[in-house]
Amino acid sequence: MRRRRYLSRLLLAATGVCTLAVLTPLVMILYRVAREGAGALNWTFLTHLPTPPGESGGGMGNAVVGTLEMLAVALAVGLPLGLAGALYTAELGRERLAGVVRFAADVLTGVPTIVTGLFVYALVVVPMRRFSALAGGLALAMILLPITLRAGEEALRAVPASYREAALALGASRGRMWRGVLLPAARRGLIAAALLGVMRTAGETAPLLLTSLNNSQWNLRLGRPMASLTVQIYTYATGPYDDWHQQAWAAALLLLLLVGGLAVVARWWSGRGEAA
Amino acid sequence: MQAGAAARRERPKRREGDAGSGWLLRGLAAVVPLLTLGVGAQLYWGSAAARRAFGWGFLTGSTWDPVFEHFGAWPFLFGTLFTTAVALVLAAPLGVAVAIFLSEVAPRRVRVWLGGLVELLAVVPSVVYGLWGMVVLVPWLRQTLEPWLGAHLGWLPLFQGPAYGVGFLAAGLVLALMVLPFVVSMALEAMRAVPVAQREAGLALGATRWEVVQHIVLPAARGGIGGGVLLAVGRALGETMAVTMLIGNRPAVSASLFAPGYTLASIIANEFTEATSALYTASLVELGLILFGLTLVVNLAARMLLKPRGAAA
Chain A
1 MRRRRYLSRL
11 LLAATGVCTL
21 AVLTPLVMIL
31 YRVAREGAGA
41 LNWTFLTHLP
51 TPPGESGGGM
61 GNAVVGTLEM
71 LAVALAVGLP
81 LGLAGALYTA
91 ELGRERLAGV
101 VRFAADVLTG
111 VPTIVTGLFV
121 YALVVVPMRR
131 FSALAGGLAL
141 AMILLPITLR
151 AGEEALRAVP
161 ASYREAALAL
171 GASRGRMWRG
181 VLLPAARRGL
191 IAAALLGVMR
201 TAGETAPLLL
211 TSLNNSQWNL
221 RLGRPMASLT
231 VQIYTYATGP
241 YDDWHQQAWA
251 AALLLLLLVG
261 GLAVVARWWS
271 GRGEAA
Chain B
277 MQAGAAARRE
287 RPKRREGDAG
297 SGWLLRGLAA
307 VVPLLTLGVG
317 AQLYWGSAAA
327 RRAFGWGFLT
337 GSTWDPVFEH
347 FGAWPFLFGT
357 LFTTAVALVL
367 AAPLGVAVAI
377 FLSEVAPRRV
387 RVWLGGLVEL
397 LAVVPSVVYG
407 LWGMVVLVPW
417 LRQTLEPWLG
427 AHLGWLPLFQ
437 GPAYGVGFLA
447 AGLVLALMVL
457 PFVVSMALEA
467 MRAVPVAQRE
477 AGLALGATRW
487 EVVQHIVLPA
497 ARGGIGGGVL
507 LAVGRALGET
517 MAVTMLIGNR
527 PAVSASLFAP
537 GYTLASIIAN
547 EFTEATSALY
557 TASLVELGLI
567 LFGLTLVVNL
577 AARMLLKPRG
587 AAA
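Heads up: the protein sequence lines correspond to chains A and B, in order. Okay, so the first sequence: first residue is 1 according to the numbering used here, each after it adds one. Okay, so the second sequence: first residue is 277 according to the numbering used here, each after it adds one.
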């Protein structure tokens with residue numbers, strides 16, 4: 001008996017050691033990004049263009065703008081579709097099509113993002129005969145869409161059936177009930193779903209390599225290639241210059257702050273939603 | 277539309293008003309299956325030229341020669357499977373151990389905090405893992421870990437050959453870190469769903485806490501753990517940037533963890549925009565098709581294992 005108890009303690013303690021072992025690299029990464037990035041993350045970095053290879057100085061202003069603009073495109077396209085899909089699967093979920101939609105969303109979530117890039121390349125880049133921010137944004141939208149759909153569905157399902165029944169009993173049509181009761185009641189969860197989608201999308205690099213490519217100049221036009229933080233990190237990290245590596249760290253820090261900030265906000269929103 | 281206006285003024289004519297919004301929703305929702313089908317169809321048609329030129333031999337061919345236009349997928353397929361296996365061997369047991377700790381050992385508050393940290397692993401962008409791997413992990417592997425492994429375990433083919441730093445080991449290690457949260461969150465969810473009464477029953481019968489974990493919690497959480505592991509495999513197969521930055525990008529097949537290699541996703545990322553001929557492009561698309569097929573099968577299996585949870589929905 002003593003041996004068994006001893007073994008139990010030992011093995012449970014070992015799981016704690018595993019947890020520490022797993023979190024150590026995470027802490028190392030965060031620390032490294034913070035330390036190296038903080039030195040190079042300054043106003044020049046945020047507002048200036050990259051310098052030609054080999055010259056020091058400059059920044060990634062265009063990549064910051066590019067990332068935000070392509071995320072905006074992804075949201076503008078992916079969010080309405082994702083929320084409509086969520087409403088459909090949550091409310092008319094018994095239909096056969098709803099099962100198909102859910103299934104397809106799960107498959108789409110699992111598609112490697114580089115493959116999404118291949119698809120959007122064929123669909124947008126080839127007909128336009130040019131890499132473009134539009135293609136990049138659409139690739140990101142395709143990644144955001146199924147994530148938002150499934151998370152949104154869950155948020156809508158969390159609204160008690162009595163809300164719906166009360167609205168219908170008052171004579172509201174189903175559409176009226178959705179707009180007037182269901183969507184407002186699930187607002188927090190839906191916002192959290194959208195944030196989750198953006199969070200998962202903001203750090204994407206692979207699909208952008210095949211769609212928006214990169215750009216060393218300022219560009220706001222959707223029809224042109226566009227710089228992004230992630231592609232710029234990749235380019236600079238694999239490049240030979242120390243100055244580039246510094247900037248890659250700064251961009252990594254900025255990206256982590258953006259994504260981490262969204263994660264915190266999403267957690268907070270959804271947490272509050274549960275409490276309410 | 278008329279019906280909608282009428283519904284607002286007079287008595288609700290539910291049928292018509294509802295049918296309108298229902299069809300709009302159906303139309304919008306149908307975009308998702310269409311996209312998914314579109315991905316598969318595009319990969320299939322886009323790779324037609326390569327499939328015609330090389331047939332099934334494409335899967336086993338090990339030359340990749342853009343100059344003479346001879347293409348084979350084997351080095352990339354091998355690299356993808358090998359790095360995924362390395363990641364899985366590390367991430368599956370570690371992930372389950374972390375889940376046991378969070379679910380069975382840690383107090384609630386610790387669970388929330390550490391659980392949040394583990395989730396943060398999934399939030400760090402792939403390219404940031406790659407950057408860290410290049411700057412921190414690869415030099416350490418080259419100078420410390422790989423020579424040490426070679427000296428002590430060098431009799432295994434896995435640990436033979438020169439220490440490059442970049443290679444299957446570097447890519448596999450970082451992949452393990454990246455996919456671990458999938459194992460942990462699914463396993464944790466399944467373990468938390470095991471009723472406390474069952475644990476208490478085990479303890480009352482004289483089992484130790486570990487025996488409760490081993491004989492009650494883990495068997496009950498089997499589906500969730502398996503599903504989480506498969507989701508992690510699906511991720512690892514398709515992960516692109518971190519692997520591209522760490523694997524060394526050399527289309528070679530080697531049994532050594534220290535050797536550089538290449539994966540399906542990496543070569544698409546590196547060469548697709550520079551592919552010059554139609555056959556070259558089609559071959560890269562066919563690599564994408566293989567990757568799509570692999571992840572599809574794995575994710576479907578994961579979905580089946582996790583089904584009991586989704587079926588209620």
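Every residue, glycine too, gets a C-beta built ideally from N, C-alpha and C.
| query | If residue 231 of chain A and residue 211 of chain A are in contact, beta carbons under 8 Å, what's the gap, nearest whole angstrom? | reply | In fact, because the Cβ distance is near 10 Å, the residues do not count as touching under 8 Å.
| field | Distance between residue 6 of chain A and residue 261 of chain A (C-alpha atoms, nearest Å) | value | It is roughly 43 Å from the alpha-carbon of residue 261 of chain A to the alpha-carbon of residue 6 of chain A.
| request: Starting from the C-beta of residue 442 of chain B, find all residues in its chain whose C-beta is less than 7 Å away, skip the five residues before and the five after it, and write them out in chain order. | output: Only 414, 522, 523, 524 and 536 meet the Cβ criterion.
| residue 246 of chain A to residue 36 of chain A, Cα distance in whole Å? | About 7 Å.
| chain B contact for residue 243 of chain A (CB, 8 Å cutoff) | With 8 Å as the cut-off, residue 243 of chain A does not count as an interface residue toward chain B.
| task | Count the other C-beta atoms from every protein chain shown that fall within 10 angstroms of the C-beta of residue 408 of chain B, then say buried if there are 16 or more, exposed otherwise. | result | So residue 408 of chain B counts as buried.
| task | List the endpoints of the continuous alpha helix (DSSP H) containing residue 163 of chain A. | result | It spans 161-169 - the alpha helix (DSSP H) in which residue 163 of chain A sits, taken as one unbroken run.
| Which value, in whole angstroms, describes the spacing of the CA atoms of residue 267 of chain B and residue 451 of chain B? | The question about residue 267 of chain B has no answer, for chain B in this structure spans 277 to 589.
| request: Tell me, to the nearest whole angstrom, how far the beta carbon of residue 356 of chain B is from that of residue 513 of chain B; I am working on the premise that it is less than 8 Å. | output: Right, the Cβ-Cβ distance comes to about 6 Å (below 8 Å), so this counts as a contact.
| Host alpha helix (DSSP H) of residue 347 of chain A (start-end) | No information on residue 347 of chain A is available, as it lies outside the stretch 1 to 276 that chain A covers here.
| field | Touching by the beta-carbon criterion (3+ pairs, under 8 Å), the region 455-462 of chain B and the region 491-509 of chain B | value | The region 455-462 of chain B, when compared against the region 491-509 of chain B, does touch it at the 8 Å Cβ threshold.
| query | For the 8 Å Cβ check, are there 3 or more pairs between the region 71-91 of chain A and the region 132-147 of chain A? | reply | These segments touch.
| request: Can you tell me which of the three DSSP states residue 428 of chain B falls into? | output: The answer is helix: DSSP assigns residue 428 of chain B an H, G or I state.
| said: Strictly below 8 Å CB to CB, what residues from chain A border residue 355 of chain B? | reply: Listed along chain A, no residue sits closer than 8 Å to residue 355 of chain B by beta-carbon distance, the nearest being about 14 Å off.
| message | Can you tell me where the alpha helix (DSSP H) holding residue 402 of chain B begins and where it ends? | response | Residues 402-408.
| message | Based on DSSP bridge pairs, tell me the residues matched to residue 389 of chain B. | response | The partner list for residue 389 of chain B (beta bridge, DSSP) is empty, contrary to what the question assumes.
| request: Keeping to the same chain, check which residues put their C-beta closer than 8 Å to that of residue 560 of chain B; ignore five residues upstream and five downstream. | output: Result list for residue 560 of chain B: 543, 544, 547, 548 and 551, in chain order.
| Which residues in the same chain as residue 123 of chain A place their Cβ atom closer than 6 Å to its Cβ, once the five residues preceding and following it in sequence are excluded? | Spatial neighbours of residue 123 of chain A in its own chain (CB-CB distance under 6 Å, excluding positions within 5 residues in sequence) are not present.
| message | What are the residues in the region 136-147 of chain A lying within 8 Å of chain B by C-beta distance? | response | Residues of the region 136-147 of chain A with a C-beta less than 8 Å from any C-beta of chain B: 142, 145 and 146, listed in chain order.
| query | How is residue 527 of chain B classed by DSSP in three states: helix, strand or coil? | reply | If DSSP states are grouped into helix, strand and coil, residue 527 of chain B belongs with coil.
| query | Name the chain B residues that come within less than 8 Å of residue 100 of chain A, Cβ to Cβ? | reply | Within 8 Å Cβ-Cβ: 309.
| field | Closest residue to residue 337 of chain B among B:325, B:352 and B:343 (Cα-Cα distance) | value | Cα-wise, what sits closest to residue 337 of chain B is B:352.
| message | Does the region 187-200 of chain A come into contact with the region 69-84 of chain A, if we say contact requires no fewer than three beta-carbon pairs (one atom in each stretch) closer than 8 Å? | response | Taking 8 Å as the limit for Cβ pairs, the verdict is that the region 69-84 of chain A does touch the region 187-200 of chain A.
| At a Cβ cut of 8 Å, what residues of the region 391-416 of chain B count as close to chain A, listed as they run along the chain? | Against chain A - using a Cβ distance shorter than 8 Å - the residues of the region 391-416 of chain B are 392, 393, 394, 395, 396, 397, 399, 400, 401, 402, 403, 404, 405, 406, 407, 408, 410, 411 and 412.
| Integer Cβ distance of residue 489 of chain B from residue 376 of chain B, believed to fall under 8 Å | Sure, about 6 Å apart at Cβ, within 8 Å.
| said: Report the CB separation of residue 480 of chain B from residue 491 of chain B in whole angstroms; it is logged as a contact under 8 Å. | reply: No, residue 480 of chain B and residue 491 of chain B are not in contact; Cβ-Cβ is about 14 Å, not under 8 Å.
| query | Does the separation of the CB atoms of residue 519 of chain B and residue 574 of chain B fall below 8 Å? | reply | No, these two residues do not count as a Cβ contact at 8 Å.
| field | residue 347 of chain B (DSSP reduced to helix, strand or coil) | value | Three-state DSSP puts residue 347 of chain B in a strand.
| message | Going by beta-carbon coordinates alone, are residue 34 of chain A and residue 251 of chain A separated by less than 8 Å? | response | Not a contact, by the Cβ cut-off of 8 Å.
| said: Among the candidates B:475, B:516 and B:386, whose CA atom is the shortest distance from the CA of residue 111 of chain A? | reply: That would be B:516, whose Cα lies nearest to the Cα of residue 111 of chain A.
| query | Closer than 9 Å, Cβ to any Cβ of chain B: which residues of the region 107-122 of chain A, in chain order? | reply | Considering only beta carbons, the part of the region 107-122 of chain A lying closer than 9 Å to chain B consists of 107, 108, 109, 110, 111, 112, 113, 114, 115, 116, 117, 118, 119, 121 and 122, in chain order.
| task | For residue 225 of chain A, I'd like the list of residues in its chain whose CB is within less than 8 Å of its CB, leaving aside the five on either flank, ordered along the chain. | result | Contacts found: 130, 131, 132, 133, 212, 213, 214, 215 and 219.
| request: Give the residues of chain A in contact with residue 464 of chain B, contact being defined as C-beta atoms less than 9 Å apart. | output: Chain A residues near residue 464 of chain B: none, gap ~12 Å exceeds 9 Å.
| field | Per-residue burial, residue 56 of chain A [other beta carbons within 10 Å of its own, 16 or more giving buried] | value | Burial call: exposed.
| request: Determine which residues of the region 221-244 of chain A have a Cβ less than 7 Å from any Cβ of chain B, and write them out in chain order. | output: With the criterion set as a beta carbon lying under 7 Å from some beta carbon of chain B, the members of the region 221-244 of chain A are 230, 233, 234, 237 and 238, in sequence order.
| task | Could you tell me whether any Cβ in chain A is nearer than 8 Å to the Cβ of residue 467 of chain B? | result | Against chain A, the CB of residue 467 of chain B has no partner CB under 8 Å away; the residue lies outside that interface.
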